[in-house]
Amino acid sequence: MTLDAPLTGFQTGEDKWVGSDVSGTMTIGRQQLTTVDIAQHRLRVTRGGETVRSFPVSSGKPGPQTETRSGMKVVIGKQAEMTMDSETIGIDKGEPGYYKIDTDWNVRVTWTGEFLHSAPWSVGAQGSSNVSHGCVNLAPAAARWMYENSIPGDPVDFTGSSREFQPTEGIGVWQYDYAGWREQSALR
1193 MTLDAPLTGF QTGEDKWVGS DVSGTMTIGR QQLTTVDIAQ HRLRVTRGGE TVRSFPVSSG
1253 KPGPQTETRS GMKVVIGKQA EMTMDSETIG IDKGEPGYYK IDTDWNVRVT WTGEFLHSAP
1313 WSVGAQGSSN VSHGCVNLAP AAARWMYENS IPGDPVDFTG SSREFQPTEG IGVWQYDYAG
1373 WREQSALR
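With my numbering applied, the sequence shown corresponds to residues 1193 to 1380, in that order.
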């Protein structure tokens, strides 16, 4: 695919103009969509419309700070190992809900701390109840498969929660309808 953007001289704000035209080419890879049904405790991966994997999960327990958000998110990045520490979201050591735990096979979907990751401590809840602090917990082998088969930019659609994902919490491009996109445009 080739993109040509003849925008030289286009005004983008007060005292701001595009300085040159831009063009480029890109290749669009495989079509993968991950869906997470929070209420049914299930994650499903499709490629080209065909289901390739399905896993039981446990998502965020009910509550204004822990319930996993519904909405279309995007894989932001991946990290094989990390320490998740609630102090980074304002829950200090000694307070209710505090945690500091090492995790593997982390796939980030929000800037506010939602990941798909390995959670061997919650395998018994996966497929039947939501017990996390907002992340999607997977069995170790399932988490590794997700980590190895997800790339930045993959959409991950979450349903079944009363808590809505906000565009500023991640890559929120999918949260806007056409009218919402026009509202943000310099061309409106």
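Virtual Cβ for every residue (Gly too), placed ideally from N, Cα, C.
Given the structure is predicted, the values throughout are model-derived calculations rather than measurements.
N-terminal and C-terminal residue of the beta strand (DSSP E) that residue i is part of
i            : result
residue 1273 : 1269-1277
residue 1264 : 1263-1266
residue 1329 : 1328-1330
residue 1242 : 1242-1248
Selected residue, minimal CA-CA separation from residue i, among the options
i            : options                : result
residue 1295 : 1305, 1371, 1353       : 1305
residue 1232 : 1332, 1326, 1363, 1318 : 1318
residue 1203 : 1194, 1213, 1324       : 1213
residue 1275 : 1255, 1257, 1297, 1207 : 1297
residue 1349 : 1236, 1209, 1207       : 1236
residue 1224 : 1230, 1346, 1279       : 1346
residue 1242 : 1226, 1285, 1261       : 1226
residue 1220 : 1343, 1353, 1352       : 1343
residue 1156 : 1264, 1249, 1353       : With the chain represented from 1193 up to 1380, any question about residue 1156 goes unanswered, as that position is not in the structure.
residue 1293 : 1301, 1334, 1302, 1314 : 1314
residue 1197 : 1211, 1206, 1207       : 1211
residue 1248 : 1377, 1228, 1288       : 1228
residue 1363 : 1302, 1273, 1285, 1216 : 1302
residue 1340 : 1253, 1216, 1269       : 1269
Beta-bridge partners of residue i, as assigned by DSSP
i            : result
residue 1298 : 1271
residue 1309 : 1329
residue 1195 : 1216
residue 1236 : 1227, 1246
residue 1205 : 1208
residue 1292 : 1277
residue 1252 : 1324
Cβ-based burial, residue i [other Cβ within 10 Å; buried from 16]
i            : result
residue 1375 : exposed
residue 1259 : buried
residue 1379 : exposed
residue 1365 : exposed
residue 1240 : exposed
residue 1222 : exposed
Under the three-state DSSP convention, the category residue i falls into
i            : result
residue 1374 : helix
residue 1347 : strand
residue 1324 : strand
residue 1384 : Only positions 1193 to 1380 of the chain appear in this structure, which leaves residue 1384 out of reach.
residue 1340 : helix
residue 1365 : helix
residue 1334 : helix
residue 1314 : helix
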